[in-house]
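The structure appears right after this line, and notes come after that.
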Amino acid sequence: MHAVTKWLKEADPDVVCLQEIKAMTENFPFMEIEALGYNIEILGQKSYNGVAILSKRPFDEISKGLPGDETDEQARYIEAVIAGENGPFRVATIYLPNGNPAPGPKYDYKLDWMDRLKVHAKGLLKFEEPIVLAGDYNVIPEEKDVYAPKEWLTEALFLPQTRSKFREILNLGYTEAFEQMDGRAGQYTFWDYQRGAWQNNEGIRIDHLLLSPQAADKIVNFEIHKATRDGIKPSDHVPVVGIFDL
DNA sequence: ATGGTCGCGTAGCGA
Numbered sequence: 077m078h079a080v081t082k083w084l085k086e087a088d089p090d091v092v093c094l095q096e097i098k099a100m101t102e103n104f105p106f107m108e109i110e111a112l113g114y115n116i117e118i119l120g121q122k123s124y125n126g127v128a129i130l131s132k133r134p135f136d137e138i139s140k141g142l143p144g145d146e147t148d149e150q151a152r153y154i155e156a157v158i159a160g161e162n163g164p165f166r167v168a169t170i171y172l173p174n175g176n177p178a179p180g181p182k183y184d185y186k187l188d189w190m191d192r193l194k195v196h197a198k199g200l201l202k203f204e205e206p207i208v209l210a211g212d213y214n215v216i217p218e219e220k221d222v223y224a225p226k227e228w229l230t231e232a233l234f235l236p237q238t239r240s241k242f243r244e245i246l247n248l249g250y251t252e253a254f255e256q257m258d259g260r261a262g263q264y265t266f267w268d269y270q271r272g273a274w275q276n277n278e279g280i281r282i283d284h285l286l287l288s289p290q291a292a293d294k295i296v297n298f299e300i301h302k303a304t305r306d307g308i309k310p311s312d313h314v315p316v317v318g319i320f321d322l
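The first sequence begins at 77 in this note's numbering and counts up one residue at a time.
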């Protein structure tokens, strides 16, 4: 919470998508975050997963859970329509399954989840509105997005099937904000707690903003807030930020 | 090849 509130005050974002809340809804610190001016929507889960959307502007619609499997109990998806100054826009917070070890049931679940996301993301394009699908995708898109590609070849985050499924979603008509605005090699968003990964800059780029065409038209800047990886009790992920002229 | 670090919840799992 120290890291979160410090960043919220400094960056002052209009909308925030959080993943890995690791708490049931009733245990989320509503008061502290509402005090900073945010409306809050939570999909909580005990111990694992859990996602949230914070917004300074009001929510018009909310749907919780990724469609396509009524039996899926894991809290990994919230979608919101937010009332912008010049019309509505849509935001989803996504915590895509890690999938390790691969192969195995966890990797099967990851690929199934990505299939469901693809179907849903395709349907959303019909709205022809600004959409940002934001979150921890647990996908390293390309070799340039990992410090040592050869060491990651058998990891669920970098397997060819994972990367091609991610590409299939992009090829529906979504744009990665990072690729449109920057695209350089070695721009990481996650550094493991182990083995001095941060100190040695052994990172991976797995946190992404996927934009509908109408959102891609309106993006004016993209930032990776690396500084948050330092400091007291940091997350192993850092914020990725899109700035839009909506 | 191994062990290395976190949070949750109070052992061991998931990352």
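All C-beta atoms, glycine included, are put in the ideal place defined by N, C-alpha and C.
To the nearest angstrom, how far is it from the Cα of residue i to the Cα of residue j?
i	j	result
V314	P236	25 Å
I295	D283	17 Å
G279	A292	26 Å
V222	H301	18 Å
P206	Y264	26 Å
K198	V167	15 Å
K82	P89	12 Å
L142	P179	23 Å
L229	K241	16 Å
F135	L209	16 Å
G307	K202	43 Å
R271	P310	16 Å
V127	Y213	13 Å
A253	E86	22 Å
T304	V316	11 Å
A156	M77	23 Å
Can you check whether the CB of residue j is closer than 7 Å to the CB of residue i?
i	j	result
L130	I116	yes
F165	L285	no
E231	P225	no
K194	P173	no
N176	Q150	no
By DSSP's criteria, residue i is part of a beta bridge. Which residues make up the other side?
i	result
F165	I158
G211	I170 and H284
In the DSSP assignment, find the unbroken alpha helix (DSSP H) run with residue i in it and report its ends.
i	result
Q290	P289 to A292
D136	Here D136 belongs to no alpha helix (DSSP H); instead the beta strand (DSSP E) covers F135 to K140.
Q270	Counting along the chain, Q270 falls outside any alpha helix (DSSP H), and DSSP gives it neither H nor E.
Could you give the first and the last residue of the continuous beta strand (DSSP E) run that contains residue i?
i	result
E299	I295 to I300
Within the stretch 97-125, ranges of the alpha helix (DSSP H) (whole runs, at least 4 residues)
106-110
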